[in-house]
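In my numbering, the protein residues as written are 527 to 629.
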């Protein structure tokens, strides 16, 4: 059989983890996936981070997903850094949320 999009994402993450890296890059892991699958992938990665000390550089256009799991957030607009703060502060800033994050 063939793998679903979510299964392919999990397989790609598993392949990256075989070498036991200290850092992995996740580039748009939610692209084209159902919200439930995205939640499962993010939960799995969060669990790995807690258990192994793994660091993740997450590139994600879905701000709600990204800021929901990030410790630190960098907000880019037209290639320029608009904000670089703890994700908790970015989530709390109503002006930034309205102007750049759409919520």
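No residue lacks a Cβ here, since even glycine has one placed at the ideal position from N, Cα and C. Keep in mind it's a predicted model, so treat the numbers as computed, not measured.
Inter-residue CB distance, residue 559 and residue 535 (contact presumed, cutoff 8 Å): Contact between residue 559 and residue 535 is confirmed by a C-beta separation of about 7 Å, below the 8 Å threshold.
Same chain, Cβ closer than 6 Å to residue 532, five either side skipped, listed in chain order: 559 and 563
Range of the contiguous alpha helix (DSSP H) that encloses residue 573: 561 to 578
Sequence ranges, alpha helix (DSSP H) only - wholly within the segment 585 to 627, length at least 4: You should have 589 to 595 and 613 to 618.
Environment of residue 593 [buried if 16+ CB atoms lie within 10 Å]: In this structure residue 593 is buried. Its beta-carbon is surrounded by 16 or more other beta-carbon atoms within 10 angstroms.
With 16 other Cβ atoms within 10 Å as the buried cut-off, status of residue 655: Given a span of 527 to 629 for the chain in the structure shown, any question on residue 655 remains unanswerable.
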